[in-house]
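Undergrad:
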Amino acid sequence: MELPAVNLKMILLVHWLLTTWGCLLFLGPYAWANFTVLALGVWAVAQRDSIDAISMFLGGFVATIFLDIIHIGIFYPRKDLTDTGHFGAGMAILSLLLKPLSCCLVYHMYRERGGEFQLHAGFRGPSEEHSAYETIDSPEVPSDPFAGPEGKGHTPQGY
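See the structure below:
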């Protein structure tokens, strides 16, 4: 499936507009989280070849999906909501609904810039496929890994 060619500036403009309108109802943490991520997006636009900028923007976008769900769920007013409040809530929810699509488009841009999705849990050790490490030892593997220097033809030296 081919993703449409969408400019990063358009993604930023749409989410900035929706976030600004969403701030009519949700202030504080909602605004800080979303405008901080949009600032990372401006950094990604300014440095077109930077993998770090686009990966930080993508990671921030994914984080704000979860933060927006929590924030809207907790702070959505149950009663006495004005028309402006309904509009602000609707724009915040629309922004939340568009973020997964925007994440897919930003991920596509991340791949175009040369980024790779590497998920290493760390408990299995370093990956052999992507390692630039070259051993300088001999390719021989000892038959007994617990054998000391005595078993390898070396004599122990006393102190």
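Numbered per my numbering, the sequence shown spans residues 370 to 528.
For every residue, glycine included, the Cβ atom is placed at its ideal position computed from N, Cα and C.
1) Taking the continuous alpha helix (DSSP H) assigned at Pro469, which residues delimit it?
2) Once the 5 residues before and after Pro469 are set aside, which same chain residues still bring their CB inside 8 Å of it?
3) I'd like to check one pair, Gly410 with Leu381: are the Cβ atoms closer than 8 Å?
4) According to the Cβ coordinates, are Phe426 and Val475 closer than 8 Å?
5) Relative to the alpha-carbon of Phe430, which residue among Arg417, Cys472, Ile441 and Leu377 has its alpha-carbon at the smallest distance?
6) Go to Ser424, then tell me how far its alpha helix (DSSP H) extends in each direction, as first and last residue.
7) Quick one: what does DSSP say Lys448 is sitting in, helix, strand or coil?
8) Over what stretch of residues does the alpha helix (DSSP H) that includes Asn403 continue unbroken?
9) If you run the structure through DSSP and keep just helix, strand and coil, what is Leu386?
10) Just how far apart, CA to CA, sit Ser424 and Ala400?
11) Would you identify the three-state DSSP class for Leu394, choosing helix, strand or coil?
12) Closest by CA to Leu394, which one among Leu467, Leu463 and His455?
13) Under a Cβ-count criterion, where at least 16 other Cβ atoms within 10 Å of its own Cβ denotes burial, should Asn376 be classed as buried or exposed?
TA: By the coordinates alone:
1) Per DSSP, Pro469 belongs to the alpha helix (DSSP H) from Asp452 to Glu481.
2) For Pro469, where only same-chain residues beyond five positions count, the Cβ hits under 8 Å are Ile434.
3) Yes, the Cβ-Cβ distance between Leu381 and Gly410 is below 8 Å.
4) Yes, Cβ-Cβ distance for Phe426 and Val475 is below 8 Å.
5) Checked all of Arg417, Cys472, Ile441 and Leu377; the closest Cα to Phe430 is Cys472.
6) It spans Ile420 to Phe444 - the alpha helix (DSSP H) in which Ser424 sits, taken as one unbroken run.
7) DSSP places Lys448 in coil when its eight states are reduced to three.
8) Following the DSSP letters along the chain, one finds Asn403 inside the alpha helix (DSSP H) bounded by residues Pro398 to Ala415.
9) Leu386 carries a helical assignment under DSSP once its states are collapsed to helix, strand and coil.
10) The alpha-carbon separation between Ser424 and Ala400 amounts to approximately 21 Å.
11) Assigned with DSSP and collapsed to three states, Leu394 falls in coil, not helix or strand.
12) Looking at Leu467, Leu463 and His455, the one whose alpha-carbon comes closest to that of Leu394 is His455.
13) Residue environment analysis places Asn376 among the exposed positions, since fewer than 16 neighbouring C-beta atoms fall within 10 angstroms of its C-beta.
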